[in-house]
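Student: Each position in the sequence shown, counted from 1, maps to that position plus 12 in my numbering. The beta-carbon is built from N, C-alpha and C at its ideal position, and this holds for glycine as well.
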Amino acid sequence: MAVTLGLRMEEMIFNLADTHLFFNDLEECDQVHIDDVSSDDNGQDLSTYSFATDGFHAAASSANLCLPTGVRGGVDWMRKLAFRYRRVKELYNTYKNNVGGLLGPAKRDAWLQLRAEIEGLTDSWLTNALKSLSIISTRSNCVNVLVTTTQLIPALAKILLYSLGGAFPIENIYSATKIGKESCFERIMQRFGRKVVYVVIGDGVEEEQAAKKNLMNKASNTAPLEGQTDSPFSKDSKGWLMAYFFLPSPPEFLSRGDSQCNTSNGGSQKAMGPAWSCDFEQAQTTTLSFPP
Numbered sequence: 013m014a015v016t017l018g019l020r021m022e023e024m025i026f027n028l029a030d031t032h033l034f035f036n037d038l039e040e041c042d043q044v045h046i047d048d049v050s051s052d053d054n055g056q057d058l059s060t061y062s063f064a065t066d067g068f069h070a071a072a073s074s075a076n077l078c079l080p081t082g083v084r085g086g087v088d089w090m091r092k093l094a095f096r097y098r099r100v101k102e103l104y105n106t107y108k109n110n111v112g113g114l115l116g117p118a119k120r121d122a123w124l125q126l127r128a129e130i131e132g133l134t135d136s137w138l139t140n141a142l143k144s145l146s147i148i149s150t151r152s153n154c155v156n157v158l159v160t161t162t163q164l165i166p167a168l169a170k171i172l173l174y175s176l177g178g179a180f181p182i183e184n185i186y187s188a189t190k191i192g193k194e195s196c197f198e199r200i201m202q203r204f205g206r207k208v209v210y211v212v213i214g215d216g217v218e219e220e221q222a223a224k225k226n227l228m229n230k231a232s233n234t235a236p237l238e239g240q241t242d243s244p245f246s247k248d249s250k251g252w253l254m255a256y257f258f259l260p261s262p263p264e265f266l267s268r269g270d271s272q273c274n275t276s277n278g279g280s281q282k283a284m285g286p287a288w289s290c291d292f293e294q295a296q297t298t299t300l301s302f303p304p
């Protein structure tokens, strides 16, 4: 039962990515962050732009390779690439709280049925996780940040289909497919700085090691998690405050790609990874988020 539901959701994820999020065009030139190629965007009005006939796919097919950073080169090609990522961003922001409107009536009904079956089999795991994420996102001094080893476009599709778009602004989603989680953690730290508390939620040694190495913050006072008698925060020999928590993975079909997520080119990749919450004021406020 679980495997069947997982296969159905995987099919829906890649269908959404291919149909609406340009995954056929962008698969070989994936980016770490949605705005990584925004500097190549000239701001052209895309309301009447024809992505199907702009020659982007043909130009991409004729190129020899895609560099590790996801860049083929050529001003015109890069501009068209940037247009696609801008459009993806627009679609995500438009439908992050209403993916059914993007799917259309027939697929929307199938999606709602699948979600209901998943919730029933997992004792509403996703609903409970979403409640926690929503509490964090409503706090003025906190944000949810997600790092995934899935390519960016399928990751966005998965977030939308699990109704997590409202909890994760697209600017706070990073794909570690090309550069690895540690490099993503470094980018997050550079973006938010050291004067915050990073609470890392993961289920593996990689997240723990990265948290110890990169996501540390200096603070004098900490508070334990609700239900815990001891503070989850600890200081190393240099006085840096670090916090890392590990939760059981969600049911297998919810994170099926964690072990094997087939892509259209026959390859495989790990899927959704851990999420982060940043407390912008003080360590006394403990924030949590759950990996989708």
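#1: Mind checking who T160 pairs with in its DSSP beta bridge?
#2: Please classify A118: is it buried, with 16 or more other beta-carbons within 10 angstroms of its beta-carbon, or exposed?
#3: For my contact list, A122 and I25 are in at a C-beta cut-off of 8 Å; report their separation, rounded to the angstrom.
#4: From F63 to A94, what distance separates their C-alpha atoms?
#5: The beta strand (DSSP E) with Y61 in it runs from where to where?
#6: State the Cα-Cα distance for the pair F292 and C154, rounded to the nearest angstrom.
#7: On the three-pair Cβ rule with 8 Å, is the region 128–144 touching the region 193–212?
#8: Which of the three DSSP states is assigned to Y210 in this structure?
#9: Restricting to Cα atoms, I'd like to know which of W89, L28, L17 and P181 is closest to I46.
#10: Measure the C-alpha to C-alpha separation of S144 and E183 and round it to an integer number of angstroms.
#11: Can the beta-carbon of A179 be found closer than 8 Å to that of S146?
#12: Quick check: T162 and T189, are their CB atoms within less than 8 Å of each other?
#13: Identify which residue in F197, S59 and S175 has its Cα closest to the Cα of L308.
#14: Flag this pair as yes or no: are the beta carbons of E129 and L17 separated by less than 8 Å?
#15: Any idea what DSSP makes of P236, helix, strand or coil?
#16: Spatial neighbours of V49 within its chain, please: CB distance less than 7 Å, with the 5 preceding and 5 following residues excluded, ordered by chain position.
#17: State the Cα-Cα distance for the pair N156 and I148, rounded to the nearest angstrom.
#18: For G214, which option in V208, K193, K207 and R199 has the closest C-alpha, if you only look at C-alpha atoms?
#19: So is L33 buried or exposed if we call it buried at 16+ other beta carbons inside 10 Å?
Tutor: Well, looking at it:
#1: Looking at the DSSP assignment, T160 forms a beta bridge with S187.
#2: With fewer than 16 other Cβ atoms within 10 Å, it is exposed.
#3: Taking the Cβ atoms as the reference, A122 lies roughly 13 Å from I25, outside the contact range of under 8 Å.
#4: Each residue's Cα considered, the two are about 12 Å apart.
#5: Secondary structure note for Y61: it is in no beta strand (DSSP E), with a DSSP letter that is neither H nor E.
#6: Reliability fails at F292, whose pLDDT of 30 lies under 50, so the model's placement of it is uncertain and no value is given.
#7: No contact exists between the region 128–144 and the region 193–212.
#8: Y210: strand per DSSP, three-state reduction.
#9: Comparing C-alpha distances from I46 to each of W89, L28, L17 and P181 shows the shortest one belongs to P181.
#10: When only Cα atoms are considered, S144 and E183 end up about 20 Å apart.
#11: Yes; because the gap between Cβ atoms is below 8 Å, this pair is in contact.
#12: Yes, Cβ-Cβ distance for T162 and T189 is below 8 Å.
#13: Coverage of the chain is limited to positions 13 through 304, which leaves residue 308 absent and any answer about it impossible.
#14: For the 8 Å CB-CB criterion, E129 and L17 form a contact.
#15: With a pLDDT of only 34 at P236, under 50, the local geometry of the prediction cannot be trusted, and no value is derived from it.
#16: The answer, listed in chain order, is Q43, M90, L93, A94 and Y97.
#17: Roughly 7 Å separates the two Cα atoms.
#18: Closest by alpha carbon: K193.
#19: Classification for L33: buried.
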